[in-house]
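Trainee: The sequence shown begins at 0 in numbering that gives the first Met the number 0 and counts up one residue at a time. Sending over a structure as C-alpha cells; questions will come in a sec.
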Amino acid sequence: MKPDTQPAVSDSVNESPSETALARDKDIYENNSTHHEQTARQLLFDDPISSKQPKNTAAHTALAKYSAAKARPPKDKPPWICSENPLFDGLTIVRNHPFKFNDNLVFAMTASPHLKSEMLDALIERGYLPNDYFENKQMIVGETYEIHNTFSHMYCMIVKQHIKDQCRKKDILRCLNNLKRLVNASHVANIGLARDLTFLNIREWQYISEHFNTIFKGSHIKATLYLNNLPVPPVENRFQLIKEYHESSSAGHRGSNTTYNRLACDYYWRNMRQDVEAFVKRCECCQKEKLIRVKTKLPMIITDTTSRPFEKLSLDFYGPLKHSSRKNHYVLTMQDWLSKFIILTPCKKANAHEVAKALIERVICYFGPPSSILTDNGTHFQNNLLRDLANIFKITKLRSCVYRPQTQGAIERMHHTLTEYLKKYTNETMQWDDCLSLAQHAYNTTQHESTGFSPIEVLLGFKARTPTSFAPPKDYYAYDDYIKDTITELSHVQTLAAMNLQQAKHRASSR
C-alpha cells in the first residue's frame, strides 16, 4: 500500500485564512470549471447550435432539456437496510459509489466558499445541490449543516477552514456530534458517508470511522461509508469516452443500453444516456452489421436457479464457420447458469474428443467439475467418451428436448451476440478465431439483463477494469480489508444475481 502523503489528523490550532488563500481557492475553482452545456453538445456531436437559432426548433428544445435536466435519484434503498428502525451495529463499509442507492448522504468540505471537489461536482451534476448553493454562505469549522432537497436529507460537515490546513481531531468530533443531533431530530433511519479524498486523507477518514462507531452507539440508524465516487469527466473527453466504451474490441459495439451501463460504472455526467443513444444511432458499423431479431413467443417453463457459479453448465456448438488459417471450423460454447459466464473454444471438428478436452482443460481444471451439464442430442455430446467422463467426475448429463432449442435459450441467445461481434470485428487481417478471446471478454464484462451484473462480477466479486486512455482515480487498499470486503461483496452479489435471475424468468413467462 502506498504511503499517505497528506497531513495526518492534528491537534494543532488552525489559523484563520488570509485573503490571499481565499483568492487562491477562487482561482482554482474558476480555472477548473467546465464548459457551458451548449459547448458540451457541440463537442460531443458537432451540432452547430448557435444563439441565433430560433427557439422553436427541435435542436434548441433538445439543448434546453439538456441544460435543465432534473435529478433522477435511485429508487432502491441499500439492500443491507432491512428495517425501518434499525439498531446501529457499526459502520458498513462498501466499495460502491454513493449514488447507486437512495441514501441520505453526508459529505465533508472546507469553510472556504469557492473551492469545490469531485464529490461536490457530482452532487451538483446529479441535481442534489444547486450550482450556487454555497455562494455567500458563512461556514463555521466543526459545524454540520442539514441540506433539504426533494428526495432525501443531506448533511455537510465543515472539517477545516482551508484545504491546506491540518484537520483537528476536536473539529471532527464536533462535526460527528452535530451530525448525530441533526439525524436524531429529523428521525432519519439511514445515512451514507461519501468519502472525498480532496478534503480529508485516508488516515483522517479512518479516524472518522472509528469515532463514528463510538458516537452513534445505541442509535437507531444504519450508516454506510461509500469508498468510491463516479468522476464527472471534462466535456472535451466525453466523446472519446463513449467511443472507447462502444467501439473497442473489449466493448463489442453493443447497443445503447449496454454501452450506457458499462460507461455508468465508471463515469457520470448529466444526460449521459441521451449522449450514448445519439452516438450509437450514428455508429456506421452498427447500422451495417446489426442483426434483426425475430421475436417469437411460446409457452415458457420456469427452470431451477442455481445457488453458486459453475454448478450447472450448458454446452453447444456454434458453426460451422469458414475455415481459419489454423483449420478451426467450430466454436464450442459453454455457459454457467448462474453468472452467465461463457467460455469459447475454437475447434477443428465438432466431436466428443474436442468436448472432453475443453471441458477438462477450461472448466474442471479451473473451477472444479460441475454437478450437471445440459447439451443437445447431437452425437458429439451423446457418446461413450462423455458418459465415461461424467462417471469419473460424478457429473449428471442432461439432454434438451428434441427440436426445441428454447431448452437452451440462454446459450442460443448468446450465439446471437457472438454472431454480431464476429461480423463487426472479423476482416481480412483479423480472422474469427483470432478475436474469439476478445469476444468472450466483451460478453463476460457486460452487465447481463437477467442478473443485473456482469458475469465476471458474479463469478469473482469485482468489475473488470475497462481499458481507457483516461486514468481512473487511484484507491489505496489494505490486503486484509480487501479479503474481508471481497468475501462480503461476493456473497451479496451472487445472492442478488440469483434473485434477479429468478424474477427475470417469471417476467419472461408472463409476457
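Note that the Cβ used here is the ideal one computed from N, Cα and C, for glycine as well.
1. Tyr329 lies in the beta strand (DSSP E); which residues open and close that run?
2. Just the Cα atoms here: how many angstroms apart are Ile139 and Thr91?
3. Rounded to a whole number of angstroms, what is the C-alpha to C-alpha distance between Asn390 and Ser399?
4. For the stretch 428–442 against the stretch 392–411, are there 3 or more C-beta pairs whose distance is under 8 angstroms?
5. Quick check on DSSP: helix, strand or coil for Pro223?
6. Quick one: what's got a C-beta closer than 8 angstroms to His379's C-beta in the same chain, skipping five residues either side?
7. Where does Ile146 fall in DSSP's three states?
8. So Glu341 is in the beta strand (DSSP E); what residue range does that whole segment cover?
9. Given a cut-off of 8 angstroms, decide if Ala188 and Ile220 are closer than it, judged by their beta-carbon atoms.
10. For the stretch 182–202 and the stretch 221–237, state whether three or more C-beta atom pairs, one from each stretch, are separated by less than 8 angstroms.
11. Check Met429 in the structure and name its three-state DSSP category.
12. Just how far apart, CA to CA, sit Val182 and Gln205?
13. Tell me the residue span of the beta strand (DSSP E) that contains Cys155.
14. Would you call His147 buried or exposed, if buried means 16 or more other Cβ atoms sit within 10 Å of its Cβ?
15. For the beta strand (DSSP E) containing Thr91, list its first residue and its last residue.
16. Give me the residue from Thr257, Tyr267, Asp265, Cys264 with the minimum Cα distance to Val279.
17. To the nearest whole angstrom, what separates the beta carbons of Lys339 and Thr450, a pair I think is in contact under 8 angstroms?
18. Along the chain, which unbroken stretches of the alpha helix (DSSP H) at least 4 residues long are found entirely within the stretch 411–458?
19. Is DSSP giving Asn189 helix, strand or coil here?
20. Quick one: what's got a C-beta closer than 7 angstroms to Ser255's C-beta in the same chain, skipping five residues either side?
21. In terms of residues, what are the limits of the alpha helix (DSSP H) holding Ile359?
22. For Ile452 versus Ala496, is the C-beta distance shorter than 8 angstroms?
23. Of the choices Asn101, Val105, Arg237, Leu314, whose alpha-carbon is the least far from that of Phe150?
24. Would the beta-carbon of Tyr154 fall within 8 angstroms of that of Val93?
25. Please say whether Val362 and Cys346 have beta carbons closer to each other than 8 angstroms?
26. Per DSSP, Phe106 forms a beta bridge with which residues?
27. Any idea if Cys364 is buried or exposed, counting beta-carbon neighbours within 10 angstroms, 16 or more meaning buried?
28. Confirm, please, whether the CB-CB distance from Cys282 to His245 is below 8 angstroms.
29. What runs of the beta strand (DSSP E), each 3 residues or longer, lie entirely inside the stretch 204–255?
30. In the DSSP output, which residue or residues are listed as bridge partners for Ser313?
Mentor: In brief:
1. 329–335
2. 29 angstroms
3. 20 angstroms
4. no
5. One point to set straight first is that residue 223 is Thr, not Pro, in the sequence displayed. The answer is strand: DSSP assigns Thr223 an E or B state.
6. Phe316, Ala349, Asn350, Ala351, Glu353, Val354
7. strand
8. The amino acid occupying residue 341 in the given sequence is Ile; Glu does not appear at that position. Here the beta strand (DSSP E) through Ile341 covers 341–346.
9. yes
10. yes
11. coil
12. 21 angstroms
13. 152–159
14. exposed
15. 91–93
16. Thr257
17. 6 angstroms
18. 435–443
19. strand
20. Val275, Glu276, Val279
21. Unbroken run through Ile359: none, as it is neither H nor E.
22. According to the sequence provided, residue 452 is Phe. The question's Ile does not apply to it. Yes; because the gap between Cβ atoms is below 8 angstroms, this pair is in contact.
23. Asn101
24. no
25. no
26. Cys155
27. exposed
28. yes
29. 221–225
30. Gln334, Leu373
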